[in-house]
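There are 2 protein chains.
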Amino acid sequence: MTTRTDAPTRREQILREAARLFAERGFHGVGVDEIGAAVGISGPGLYRHFAGKDAMLAELLVGISERLLTGGRRRVAEAAGDPEAVLDSLVEGHIDFALDDRPLITLHDRELDRLRDSDRKLVRQLQRQYVELWVAALREVRPGLPEPSARAAVHAVFGLLNSTPHLGRPGALPGRTAMAALLHRMARGAFAAAAEGQGE
Amino acid sequence: MTTRTDAPTRREQILREAARLFAERGFHGVGVDEIGAAVGISGPGLYRHFAGKDAMLAELLVGISERLLTGGRRRVAEAAGDPEAVLDSLVEGHIDFALDDRPLITLHDRELDRLRDSDRKLVRQLQRQYVELWVAALREVRPGLPEPSARAAVHAVFGLLNSTPHLGRPGALPGRTAMAALLHRMARGAFAAAAEGQGE
DNA sequence: CAGTGTGGTTAGCGGTCGTTAACCTTAGCC
DNA sequence: GGCTAAGGTTAACGACCGCTAACCACACTG
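Top line first, the protein sequences correspond to chains A and B. First residue of the first sequence: 1, per the UniProt record's numbering; consecutive thereafter. First residue of the second sequence: 1, per the UniProt record's numbering; consecutive thereafter.
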């Protein structure tokens, strides 16, 4: 593993700010001049780093999808043999993501349709594989749950975990670790309830 | 109650199509010409019915928020005295909404920031009151749950229930009544789990 | 110290978009 | 039967936006 301690490159700065702005105001709601201004350069300077506005969004969405999928696969492999542990690890990883990369999570299910056809296909494929990871893990823990229900339950839990962005300003909310624990409990509770009265 | 059986007015047609388009491609991603085309008139003809594109979005968002809040209040009043029934009724009402008015639910937490200041304030206020309804109902059922956690849990369950729009094309999914039952079970399970190990 | 690649700048073009203006048709009414 | 109001039409305007062009400063390198 290459843990990076070096300063972020200009490209990375741009991606971070673009993600934040896209999440706040929507892809079409943000101009290239604003993105440039957010990193201290102005407008067309961005084109030294990216082919265009679309390319930024594409790189963001492909990046998230890949990170989610590879992270998920790693966790499944690490906890292999203990289904409960696999599901817990997936939940934990997703929560870390949702809490630490809010803008990306927001973009992930909001701006997919603004992508070029090929990129959109790629992202959808990665997303689908990630979902399948969860569905398989869930059905190991709850064998009585039919696959369509399992798929719907997984989507619903994604919605639950990704709800963090919609929270107002901090203050009236639990801190990060308490929040993570709360979300984890709720996700497990939701999965358990999904299986009740369903042949289980 | 005035149950309307008459045909929808032109205004209502426009609002319906605008909601669908906004949800699909984002507020800024849809042109007025497209909205017009969707109801069989073209472009500027819309201005006979609305002051502008912003006005359509405003009316949609204020409308949803009001419907959610008044519906919620009615349910709370109807089941008053039985906390469990209140919470169940709120969940049921929200599920009906999420399943039957998908585009509106999508817009509701996605395009709020595109509103004029005054409209945004109004919508936020209505949303806040709706959340408070849920928080109060939840804390009646789970008195051990501190308020910040209850608020976070309510938001998380909204995310869970509103996850329906993100589902791919039908087919590999439970039908409407099964889906409603599944979501209801999961929401109750999530709430129950939120209270565990929390002084309860 | 000339040459070159990197990462900026400003000016401006072409297209799109929301909105307005001006005009037209039809239905209902006195 | 003219008048008016309602609900359309097309043309066009002004603003904005993504992107390109042209130019420039500087750090390295042989």
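Just so it is clear, CB atoms sit at the ideal spot from N, CA and C, and this is done for glycine as well.
- Taking the Cβ atom as the reference point for each residue, do B/Arg194 and A/Leu182 lie within a distance shorter than 8 Å? Note on identity: in this sequence residue 194 of chain B is Ala, with Arg being the wrong assignment. For B/Ala194 and A/Leu182, yes; Cβs fall inside 8 Å.
- Message: Give me the subset of the region 162-191 of chain A whose CB atoms are less than 7 Å from a CB atom of chain B, sorted by chain position.
- Response: Asn162, Ser163, His166, Leu167, Ala172, Leu173, Pro174, Met179, Leu182, Leu183, Arg185, Met186, Arg188, Gly189 and Ala190: these are the residues of the region 162-191 of chain A whose beta carbon lies less than 7 Å from some beta carbon of chain B, given in chain order.
- Please classify B/Pro8: is it buried, with 16 or more other beta-carbons within 10 angstroms of its beta-carbon, or exposed? exposed
- CB B/Ala23 to CB B/Leu112, shorter than 8 Å? no
- Do we get a CB-CB distance below 8 Å when we pair B/Leu193 with the residues of chain A? Note on residue identity: the sequence assigns Ala, not Leu, to residue 193 of chain B. Interface residue, yes.
- Item | Collapsed DSSP secondary structure at B/Ser89 in the structure displayed | B/Ser89: helix per DSSP, three-state reduction.
- Query: Between A/Ser149 and chain B, is there a C-beta pair that is closer than 8 Å?
  - Reply: yes
- Message: Quick check on DSSP: helix, strand or coil for A/Thr9?
- Response: In the structure shown, A/Thr9 sits in coil (DSSP, three-state: anything other than H, G, I, E or B).
- To which residues of the same chain is A/Thr164 closer than 8 Å at the C-beta, ignoring the five residues directly before and after it? The beta carbon of A/Thr164 is closer than 8 Å to those of Ala98, Leu99, Arg102, Ile105, Met179 and Leu183 in its chain, skipping five residues each way along the sequence.
- Query: Would a C-beta distance cut-off of 8 Å place A/Leu145 and B/Val157 closer than the cut-off?
  - Reply: With contacts defined by Cβ atoms closer than 8 Å, A/Leu145 and B/Val157 do not form a contacting pair.
- Query: So is A/Val130 buried or exposed if we call it buried at 16+ other beta carbons inside 10 Å?
  - Reply: According to the sequence provided, residue 130 of chain A is Tyr. The question's Val does not apply to it. Its Cβ being crowded by 16 or more others within 10 Å, A/Tyr130 is buried.
- Query: Shorter than 8 Å from the beta carbon of A/Arg139 to some beta carbon of chain B?
  - Reply: Taking CB atoms only, A/Arg139 has no neighbour in chain B less than 8 Å away.
- Task: Specify the secondary structure class of A/Ile64 as computed by DSSP and reduced to three states.
- Result: helix
- Taking only the alpha-carbon atoms, compute the straight-line gap between A/Phe50 and A/Ser42 and give it to the nearest angstrom. So the alpha carbons of these two residues sit roughly 14 Å apart.
- Item | A/Glu132 at chain B interface by Cβ criterion, 8 Å | no
- Query: Where are the alpha helix (DSSP H) runs, 4 residues long or more, that stay fully inside the region 74-145 of chain A, in chain order?
  - Reply: 83-100, 102-108 and 117-141
- Residue burial classification, A/Ala80 (beta-carbon count within 10 angstroms, cutoff 16): exposed
- Message: Which of the three DSSP states is assigned to B/Leu55 in this structure?
- Response: First, the residue type needs correcting, since residue 55 of chain B is Ala and not Leu in the sequence shown. If DSSP states are grouped into helix, strand and coil, B/Ala55 belongs with the helices.
- Query: Does DSSP put A/Val30 in a helix, a strand or coil?
  - Reply: It is coil, neither helix nor strand.
- Query: According to DSSP, is B/Pro174 helix, strand or coil?
  - Reply: Coil, per DSSP.
- Straight-line CA distance for B/Ala192 to B/Glu66? 28 Å
- Which of the three DSSP states, helix, strand or coil, is assigned to B/His155? In this structure, B/His155 counts as helix in the three-state DSSP scheme.
- Query: Could one say the Cβ of A/Ala153 lies closer than 8 Å to chain B's Cβ atoms, at least one of them?
  - Reply: yes
- Query: Does the beta-carbon distance from A/Gly93 to A/Gly72 come in below 8 Å?
  - Reply: yes
- Going by other Cβ atoms of all chains shown within 10 Å of its Cβ, with 16 needed for buried, is B/Ala77 buried or exposed? exposed
- Message: I'd like to know if B/Arg102 contacts chain A, where contact means its C-beta is closer than 8 Å to some C-beta of that chain.
- Response: no
- Using the Cα positions of B/Ala58 and B/Glu34, report the straight-line distance between them to the nearest angstrom. In this structure, the alpha-carbon of B/Ala58 lies about 18 Å from that of B/Glu34.
- What's the call for A/Lys121, buried or exposed, on a 16-neighbour Cβ count within 10 Å? Residue burial is scored here from C-beta neighbours: A/Lys121 has fewer than 16 other C-beta atoms within 10 angstroms and is therefore classed as exposed.
- Contact list for residue 203 of chain B against chain A, beta-carbon separation under 7 Å: With chain B represented from 1 up to 200, any question about residue 203 of chain B goes unanswered, as that position is not in the structure.
- Query: Going along chain A, which residues have a C-beta under 9 Å from B/Asp113?
  - Reply: Glu24, Arg25, Gly26 and Gly29
- Message: As a quick exercise: from A/Val135, A/His28 and A/Leu60, pick the residue whose alpha carbon is nearest that of A/Leu87.
- Response: A/Val135
- Query: To the nearest angstrom, how far is it from the Cα of B/Ala172 to the Cα of A/Val39?
  - Reply: 44 Å
- Item | Three-state class that DSSP yields for B/Phe50 in the structure shown | Assigned with DSSP and collapsed to three states, B/Phe50 falls in coil, not helix or strand.
- Can you give the beta carbon distance from B/Val123 to B/Leu61, rounded, assuming they're within the 8 Å contact cut? 5 Å
- Message: Please classify A/Ser118 as buried or exposed, where buried requires at least 16 neighbouring CB atoms within 10 angstroms.
- Response: Burial call: exposed.
- Message: Output needed for B/Arg20: all residues of its chain with C-beta closer than 7 Å, excluding positions within five of it in sequence on either side, in chain order.
- Response: Pro103
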